[in-house]
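To start, the structure itself, in structure tokens.
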Amino acid sequence: MPTTEIILTENVPGLGAEADVVKVRRGYARNFLLPRGKAYEVTPASLRQLENLKKKRAEREARELNEAEELARRINKLRVVFKLETGETGKAFGSITSHDLVMRLKNETGHEIERHRVQLEHPIKTTGEHEVPIRLHHDVTATFKFEVKSAEEPKTEAAPAAEPATRQRTEKKRK
Numbered sequence: 000m001p002t003t004e005i006i007l008t009e010n011v012p013g014l015g016a017e018a019d020v021v022k023v024r025r026g027y028a029r030n031f032l033l034p035r036g037k038a039y040e041v042t043p044a045s046l047r048q049l050e051n052l053k054k055k056r057a058e059r060e061a062r063e064l065n066e067a068e069e070l071a072r073r074i075n076k077l078r079v080v081f082k083l084e085t086g087e088t089g090k091a092f093g094s095i096t097s098h099d100l101v102m103r104l105k106n107e108t109g110h111e112i113e114r115h116r117v118q119l120e121h122p123i124k125t126t127g128e129h130e131v132p133i134r135l136h137h138d139v140t141a142t143f144k145f146e147v148k149s150a151e152e153p154k155t156e157a158a159p160a161a162e163p164a165t166r167q168r169t170e171k172k173r174k
């Protein structure tokens, strides 16, 4: 199969990142990458523009790294309590999944985190304190610490409640 060299203008999963020079099949380049603006052909003029693309890529990666580090600091400081329905024996009726963690983090921090970045081996079904690593960047991992409590409140026997007032029935005369 004939191949051609192209320069990527954005990240393409499975192929490369912005400003990478890669070899792909001509049909893939001609029918997919070039029309969508994800790449352009290698020419002497485009090789000169490659330095600008590399600078843009370095700036973007540095900005993403700084944002990830800031978000990691906020997540590491965060302490959250989840309520979980449990039975009398302490067995949970539900579980806390990565989706629940992502939704809570979005509410607390205001940042949307992709579900697959939460490294949760199995759903949490026990009460107590838990730590879950969250991979925000290939160099930055935050630790989300939270506590799971039973939704049932312990019943305390305070003063007995006053007896409810009895309703008096009035009988109507039947005609």
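Read in order, the letters of the sequence shown correspond to residues 0 to 174 in numbering that gives the first Met the number 0.
Quick reminder that beta carbons are idealized off the backbone N, C-alpha and C, glycines included.
All figures in this text were calculated on a predicted structure; none of them were measured in a lab.
For residue i, three-class secondary structure by DSSP
| i | result |
| --- | --- |
| THR155 | For THR155, the predicted model reports a pLDDT of 48, less than 50, meaning its position is unreliable and no value from the coordinates is stated. |
| ALA161 | Below a pLDDT of 50, predicted positions are generally treated as unreliable, and ALA161, at 49, falls in that range; no measurement from the model is reported. |
| SER45 | helix |
| ARG91 | Checking the displayed sequence, the identity of residue 91 turns out to be Ala instead of Arg. Looking at ALA91 - three-state DSSP - the assignment turns out to be strand. |
| ASN10 | coil |
| HIS115 | helix |
| GLY127 | strand |
| ALA16 | coil |
| ARG35 | coil |
| THR108 | helix |
Reference residue i; option with closest CA among the options
| i | options | result |
| --- | --- | --- |
| GLU223 | GLY109, GLU60, ALA44 | This structure does not reach residue 223, given that the chain is present from 0 up to 174, and the question cannot be answered. |
| LYS99 | LEU119, LYS90, GLU87 | The sequence shown places Asp at residue 99, not Lys. Ranking LEU119, LYS90, GLU87 by Cα distance to ASP99 puts LEU119 first. |
| VAL41 | LYS22, ILE5, LEU104 | ILE5 |
| GLU107 | ILE123, LEU77, HIS121 | LEU77 |
| THR125 | GLU69, PHE145, GLU63 | PHE145 |
| GLU50 | VAL101, HIS121, LEU7, SER149 | LEU7 |
| VAL101 | ARG114, GLY93, LYS90 | ARG114 |
Burial state of residue i, where buried means 16 or more other Cβ atoms lie within 10 Å
| i | result |
| --- | --- |
| VAL80 | exposed |
| ALA57 | exposed |
| ILE95 | buried |
| ALA44 | exposed |
Per DSSP, cross-strand counterpart(s) of residue i
| i | result |
| --- | --- |
| LYS82 | LYS148 |
| HIS136 | VAL139 |
Residue-chain proximity (residue i, chain C), Cβ-Cβ < 7 Å
| i | result |
| --- | --- |
| TYR39 | Judged by its chain identifiers, the structure shown contains no chain C, having just a single protein chain. |
If we count Cβ pairs, one from each stretch, closer than 8 Å, do we get three or more for the stretch 68-85 versus the stretch 135-142? They touch, by the three-pair rule.
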